[in-house]
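In the numbering used here, the protein residues as written are 2 to 64.
Have a look at this one:
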């Protein structure tokens with residue numbers, strides 16, 4: 002569960018900063034918000050999240 006939170010927090014922080022900055026400067030805010038693509042399973046963070054979810058489900062099914 003810890004690995005999921007760590008992988009999720011990187012792009013999430015950029016997303017929150019982007020939403021906050023959009024009011025001041027639209028372009029910079031959108032660049033920060035674009036980090037949400039890191040959640041795609043083909044990229045590092047998305048892959049880590051998906052792998053850890055699958056591992057945790059397998060662990061709970063075997064119990």
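For every residue, glycine included, the Cβ atom is placed at its ideal position computed from N, Cα and C.
* To do: Taking only the alpha-carbon atoms, compute the straight-line gap between residue 33 and residue 45 and give it to the nearest angstrom.
  => As a first step, residue 33 must be located in the chain shown, where it is residue number 32. As a first step, residue 45 must be located in the chain shown, where it is residue number 44. C-alpha separation (whole angstroms): 17 Å.
* To do: Taking only the alpha-carbon atoms, compute the straight-line gap between residue 49 and residue 25 and give it to the nearest angstrom.
  => The residue labelled residue 49 in the question sits at position 48 within the chain shown. The residue labelled residue 25 in the question sits at position 24 within the chain shown. Going by the C-alpha atoms only, they are around 33 Å apart.
* Where residue 13 and residue 37 are concerned, what is the direct C-alpha to C-alpha distance, given to the nearest angstrom? -> As a first step, residue 13 must be located in the chain shown, where it is residue number 12. As a first step, residue 37 must be located in the chain shown, where it is residue number 36. For residue 13 and residue 37, the distance between alpha carbons rounds to 7 Å.
* Grouping DSSP H, G and I as helix and E and B as strand, with all else coil, what is residue 40? -> Translated into positions along the chain shown, residue 40 becomes position 39. Note: residue 40 maps to helix in three-state DSSP.
* Short Cβ contact (9 Å threshold) for residue 19 with residue 9 -> As a working note, residue 19 is residue 18 in the chain shown. As a working note, residue 9 is residue 8 in the chain shown. No.
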